[in-house]
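Sequence lines, in order, name chains A and B.
So the number in our numbering is just where the residue sits in the first sequence, counting from 1, plus 1.
So the number in our numbering is just where the residue sits in the second sequence, counting from 1, plus 1.
All residues carry an ideal CB built from backbone N, CA and C; glycine is no exception.
Just so you know, these numbers come straight off a predicted model, no measurement behind them.
Protein chains: 2
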Amino acid sequence: MDIFGKQFIDGKREASSGITFVACDAVSGETLPHKISTATEAEVRSAAEAAARAYPVYRKTGLEERAGFLEAIAKEIDSLDDSFISMVMAETGLLEARVRGERARTSNQLRLFAAVVRRGDFLGARIDSALPQREPLPRPDIRQYRIGLGPVAVFGAGNFPLAFSVAGGDTASALAAGCPVIVKAHSGHPVTSELVGQAIVRAVETCRMPSGVFGMLFGDNSGEPLVLAREIKAIAFTGSLRGGRALNEIAARRPEPIPMFAEMSSINPVIVLPGALKERSQAIATGVAASVTLGAGQFCTNPGLIIGFSGDLFEHFCQQLGEEMGKRDPSVMLNRTILTNYQDGVTRMAQISGVELLASGPSDLDRAQTCLFRASATLLKKTGHPLEAEVFGPATVVVALKDLQELLDLAPRLNGHLTASVFAGSADAESCGPLVDALEPRVGRIILNDYPTGVEVCDAMVHGGPYPASSDSRFTSVGSLSIDRFLRPVCYQGYPDSMLPSALQDKNPLGIRRLVNGCWTSDPICGVQLAENR
Amino acid sequence: MDIFGKQFIDGKREASSGITFVACDAVSGETLPHKISTATEAEVRSAAEAAARAYPVYRKTGLEERAGFLEAIAKEIDSLDDSFISMVMAETGLLEARVRGERARTSNQLRLFAAVVRRGDFLGARIDSALPQREPLPRPDIRQYRIGLGPVAVFGAGNFPLAFSVAGGDTASALAAGCPVIVKAHSGHPVTSELVGQAIVRAVETCRMPSGVFGMLFGDNSGEPLVLAREIKAIAFTGSLRGGRALNEIAARRPEPIPMFAEMSSINPVIVLPGALKERSQAIATGVAASVTLGAGQFCTNPGLIIGFSGDLFEHFCQQLGEEMGKRDPSVMLNRTILTNYQDGVTRMAQISGVELLASGPSDLDRAQTCLFRASATLLKKTGHPLEAEVFGPATVVVALKDLQELLDLAPRLNGHLTASVFAGSADAESCGPLVDALEPRVGRIILNDYPTGVEVCDAMVHGGPYPASSDSRFTSVGSLSIDRFLRPVCYQGYPDSMLPSALQDKNPLGIRRLVNGCWTSDPICGVQLAENR
Numbered sequence: 002m003d004i005f006g007k008q009f010i011d012g013k014r015e016a017s018s019g020i021t022f023v024a025c026d027a028v029s030g031e032t033l034p035h036k037i038s039t040a041t042e043a044e045v046r047s048a049a050e051a052a053a054r055a056y057p058v059y060r061k062t063g064l065e066e067r068a069g070f071l072e073a074i075a076k077e078i079d080s081l082d083d084s085f086i087s088m089v090m091a092e093t094g095l096l097e098a099r100v101r102g103e104r105a106r107t108s109n110q111l112r113l114f115a116a117v118v119r120r121g122d123f124l125g126a127r128i129d130s131a132l133p134q135r136e137p138l139p140r141p142d143i144r145q146y147r148i149g150l151g152p153v154a155v156f157g158a159g160n161f162p163l164a165f166s167v168a169g170g171d172t173a174s175a176l177a178a179g180c181p182v183i184v185k186a187h188s189g190h191p192v193t194s195e196l197v198g199q200a201i202v203r204a205v206e207t208c209r210m211p212s213g214v215f216g217m218l219f220g221d222n223s224g225e226p227l228v229l230a231r232e233i234k235a236i237a238f239t240g241s242l243r244g245g246r247a248l249n250e251i252a253a254r255r256p257e258p259i260p261m262f263a264e265m266s267s268i269n270p271v272i273v274l275p276g277a278l279k280e281r282s283q284a285i286a287t288g289v290a291a292s293v294t295l296g297a298g299q300f301c302t303n304p305g306l307i308i309g310f311s312g313d314l315f316e317h318f319c320q321q322l323g324e325e326m327g328k329r330d331p332s333v334m335l336n337r338t339i340l341t342n343y344q345d346g347v348t349r350m351a352q353i354s355g356v357e358l359l360a361s362g363p364s365d366l367d368r369a370q371t372c373l374f375r376a377s378a379t380l381l382k383k384t385g386h387p388l389e390a391e392v393f394g395p396a397t398v399v400v401a402l403k404d405l406q407e408l409l410d411l412a413p414r415l416n417g418h419l420t421a422s423v424f425a426g427s428a429d430a431e432s433c434g435p436l437v438d439a440l441e442p443r444v445g446r447i448i449l450n451d452y453p454t455g456v457e458v459c460d461a462m463v464h465g466g467p468y469p470a471s472s473d474s475r476f477t478s479v480g481s482l483s484i485d486r487f488l489r490p491v492c493y494q495g496y497p498d499s500m501l502p503s504a505l506q507d508k509n510p511l512g513i514r515r516l517v518n519g520c521w522t523s524d525p526i527c528g529v530q531l532a533e534n535r
Numbered sequence: 002m003d004i005f006g007k008q009f010i011d012g013k014r015e016a017s018s019g020i021t022f023v024a025c026d027a028v029s030g031e032t033l034p035h036k037i038s039t040a041t042e043a044e045v046r047s048a049a050e051a052a053a054r055a056y057p058v059y060r061k062t063g064l065e066e067r068a069g070f071l072e073a074i075a076k077e078i079d080s081l082d083d084s085f086i087s088m089v090m091a092e093t094g095l096l097e098a099r100v101r102g103e104r105a106r107t108s109n110q111l112r113l114f115a116a117v118v119r120r121g122d123f124l125g126a127r128i129d130s131a132l133p134q135r136e137p138l139p140r141p142d143i144r145q146y147r148i149g150l151g152p153v154a155v156f157g158a159g160n161f162p163l164a165f166s167v168a169g170g171d172t173a174s175a176l177a178a179g180c181p182v183i184v185k186a187h188s189g190h191p192v193t194s195e196l197v198g199q200a201i202v203r204a205v206e207t208c209r210m211p212s213g214v215f216g217m218l219f220g221d222n223s224g225e226p227l228v229l230a231r232e233i234k235a236i237a238f239t240g241s242l243r244g245g246r247a248l249n250e251i252a253a254r255r256p257e258p259i260p261m262f263a264e265m266s267s268i269n270p271v272i273v274l275p276g277a278l279k280e281r282s283q284a285i286a287t288g289v290a291a292s293v294t295l296g297a298g299q300f301c302t303n304p305g306l307i308i309g310f311s312g313d314l315f316e317h318f319c320q321q322l323g324e325e326m327g328k329r330d331p332s333v334m335l336n337r338t339i340l341t342n343y344q345d346g347v348t349r350m351a352q353i354s355g356v357e358l359l360a361s362g363p364s365d366l367d368r369a370q371t372c373l374f375r376a377s378a379t380l381l382k383k384t385g386h387p388l389e390a391e392v393f394g395p396a397t398v399v400v401a402l403k404d405l406q407e408l409l410d411l412a413p414r415l416n417g418h419l420t421a422s423v424f425a426g427s428a429d430a431e432s433c434g435p436l437v438d439a440l441e442p443r444v445g446r447i448i449l450n451d452y453p454t455g456v457e458v459c460d461a462m463v464h465g466g467p468y469p470a471s472s473d474s475r476f477t478s479v480g481s482l483s484i485d486r487f488l489r490p491v492c493y494q495g496y497p498d499s500m501l502p503s504a505l506q507d508k509n510p511l512g513i514r515r516l517v518n519g520c521w522t523s524d525p526i527c528g529v530q531l532a533e534n535r
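Okay, structure coming up:
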């Protein structure tokens, strides 16, 4: 296991700043032996220029070739040995089963995008044949498909050192779209990043991809010049609201504005309806506590707000939830900063007027103590959303509203969230319809009788939502639709078949689904019959 | 023809500011008799609140019902009588044939979106069935579709008083997406706007749509409060770069950022290759001159930059183009401000060092004089893109580059544009491939041997492009794909069939095309076979 701690630029490793930083062991807080060089502005520029040189070559790779490249990365990641697993555990404090599970998720995600590339529907091929006889004016032949935007800057998350980091969903979807990627490595797990970066480079070499298709930069000062680099054409970010907004302000200074997708902050409200509590109050309390404390509560889908309706059932549930939360051991956090932020967050929460601490688990100065708060309903309606500020860690807040109507009135004023979950029993059937209608406009995913943690990577997943859950609710950062962030349509007018990209040629050599004169089909086009018959 | 000159709010007409403005006759510059009230901030808020009340009802309309509404608007617009046509001509100076043609385009565009709604693919339905036996964890049932974002603010263009205005493409696509619309009426054609607004209201009443589904506000002071209104969830703008940027800065002050699509500035480079000039130099010169002066050059797709390669062929072409441009009569502009801006623009252009006036048409103080400039190639490479600043009107610039290689080197540094056109002859076959590859990343539409003016409204059209052509190159404002600007994905996890939206139910009652367990199909789902077989 060779750790160089240098930038990944155009297939080479560079370190010219002379400034280094170190990684820390998450459990002990002690420094690890590896020194990581921070990137200079010149190195950022080199990486961006290499990506720009790679773009014209990489975007023209065939579907099979590109899918094979994604699978080669997946294979390299699956082949990383036990010392890699140990390193991820050391840098992040995550347990072995979690790290192994997350690695499988990461390589499966790459394979999902290989399947998306082969399916070819991401190309969005649309053809309107010429109508030379049309009155008053003939229609020219117009054909549209989608191309990758260009080099993408990826700012990975600290809480998923594999699945949302160097070879995570953002990288996988950008590469699938035909975009070179430059990762700003998260400073919380630089050695993990280095090892995954090496795995990607091996796949680049095996597949003979252009060397600039992947780059990686270390050091938090590299973020700003990367976002400002002229060659960068899109930004993907996963992290805090503060971090996302800061990056967005930097991006706003660019002469050429570019798309930025930031997945930032969500407290994922959970609604427990009376019928559900009547049937299985204890089970839901256990489940909610497990979801709140899973992975030390360090998930973007962590449920940070539990809403019920005033009455004995909900009082009883809150007591059960308090007992469950109180039983949970304190947790190792990803790093000291996150631990401190969590401790500050729960202190701030406790000081809000109208909030009381209902229960807490055993305390430990070096670990995060579970906390259950109770807040008055009026706080939910307050401008500034004090209860909707994310406290990243194993804490949550219960709120009792008067009834369904109060919740329906409140829903449109909720912040945007990644998810909302509803627990309903057989007596709640009538409440569910109006509740779903009220919640749907405020979230990306609505869950029935299940917990928000656990984000399936599939075609139908939405991991996004209105601000501040994401910076643009029209996109998702998990699931195959996330490729849409990095694609844009281009159309060809009046081009002969031989000059068109293969996705748009009459005989449909890629065999993909296309919208031809208003009908979806995988068939080739024979003459102009279709158009004339329209 | 009753002209009230009041705001359109929740199906009523209101005017409380006491401040009015007037429209002007574009040809004579004299004021028209109608007084138009400017909206107050309270009126803007009322309109936004009415739209928010309409949203939950309107977004739930069935596909057939929504398509019928769009067709009803189309019918009302087609039924507007000759006094309407005369009014549009008076307010804009456009000729009768153009106005009638643009009306047909507007109503056909509404009908295209009715077809899109019926086709149902805009719903983007994706289904991943539950895999209860999967190891290590079962997969829940996850189903995704797309919903309208919420109320949309539309800022129409002055140069297309019908097709890009009150009932234009932005309104049609937003209504098709299930979003209520509030139009900020363009102050250049307020009476036209009023009459089209009345037509929409008649359709709202006939189809029994919620009254807040359409609103309209007059007066340029209404723009800022409209963009800031909490209820507004997306913005569509067509106009100048300055206007688009100003609106974007206002939008950036919102507590909840929302998507904004602005189509702003493009000079639509036209490349004339030597082979084409050898074959038909005069025809291309005539065609370019016609395209530059069409509609007094007031098109976003107006060709403002003609690039050729140094040599006798291009010199001869420039001379022919000069003769053609010199023959063209001066044109009535949409209004005095646009005329003054044009006159300032050509004066500024003539003063740039390295630019000379090559030819101009007859002059007339009240009309726009055609101008052909010639600029040195070095200006094209200058930062700040002095040659790529849009001069809105019947002017264009020719530039001679050394050869294809110089153009290929230059292309990545070009501004973003809506279109690029290439004129090629049989001797240019080898140049075309590299040229298309170089231009494609900088534009939304690439045209071979045709002129950029004339934007077909169809499934395959792209009217967008990298900044400053648009604020987000991933979208288009013309063609059926423009609906994507106003849709976002939402997914349902673990919901029983009866509680799902009909787009996602097993039996596929809408008969739409869906991505079911990785395969596109319009078939209903029978049990879990598909998922298990995956």
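Residue burial classification, residue i (beta-carbon count within 10 angstroms, cutoff 16)
i, result
"B/D11", "buried"
"A/A178", "buried"
"A/S87", "exposed"
"B/M2", "exposed"
Within-8 Å CB hit, residue i to chain B
i, result
"A/N534", "With a pLDDT of 40 at A/N534, under the threshold of 50, the predicted position of this residue should be treated as unreliable, though the coordinate-derived value follows. Cβ-Cβ to chain B under 8 Å: no for A/N534."
"A/V463", "yes"
"A/L124", "no"
"A/K382", "no"
"A/C459", "yes"
"A/T477", "yes"
"A/S427", "no"
"A/M500", "yes"
"A/A131", "no"
Distance CB(residue i)-CB(residue j) smaller than 8 Å
i, j, result
"A/F374", "A/I285", "no"
"B/S503", "B/L511", "yes"
"A/F300", "A/N109", "no"
"B/F310", "B/D429", "no"
"A/M265", "A/G240", "yes"
"B/A237", "B/F156", "yes"
"A/T41", "A/F219", "no"
"A/I272", "A/L388", "no"
"B/F9", "B/F215", "yes"
"B/R486", "B/S174", "yes"
"B/S194", "B/M217", "yes"
"B/D460", "B/S481", "yes"
Proximity test, Cβ basis, 8 Å: residue i and chain A
i, result
"B/D524", "no"
"B/P11", "For the sequence presented, residue 11 of chain B should be read as Asp rather than Pro. Not an interface residue."
Rounded distance between the beta-carbons of residue j and residue i, thought under 8 Å
i, j, result
"B/I172", "B/L335", "As written in the sequence, residue 172 of chain B is Thr, which differs from the Ile given in the question. Wrong, their Cβ atoms sit about 20 Å apart, outside the cutoff."
"A/D122", "A/A131", "The Cβ separation is near 25 Å, so there is no contact."
Problem set entry | Length-filtered (3 minimum) beta strand (DSSP E) runs lying within the region 357 to 416 of chain A | Whole beta strand (DSSP E) segments, 3+ residues: 372 to 376 and 396 to 402.
Exercise. Which runs of the alpha helix (DSSP H), 4 residues or longer, sit entirely within the region 286 to 348 of chain B?
Worked result: Fully enclosed alpha helix (DSSP H) runs of 4 or longer: 313 to 328.
Exercise. Mind pulling the beta strand (DSSP E) runs of 3 or more residues that sit fully within the region 103 to 131 of chain A?
Worked result: 127 to 129
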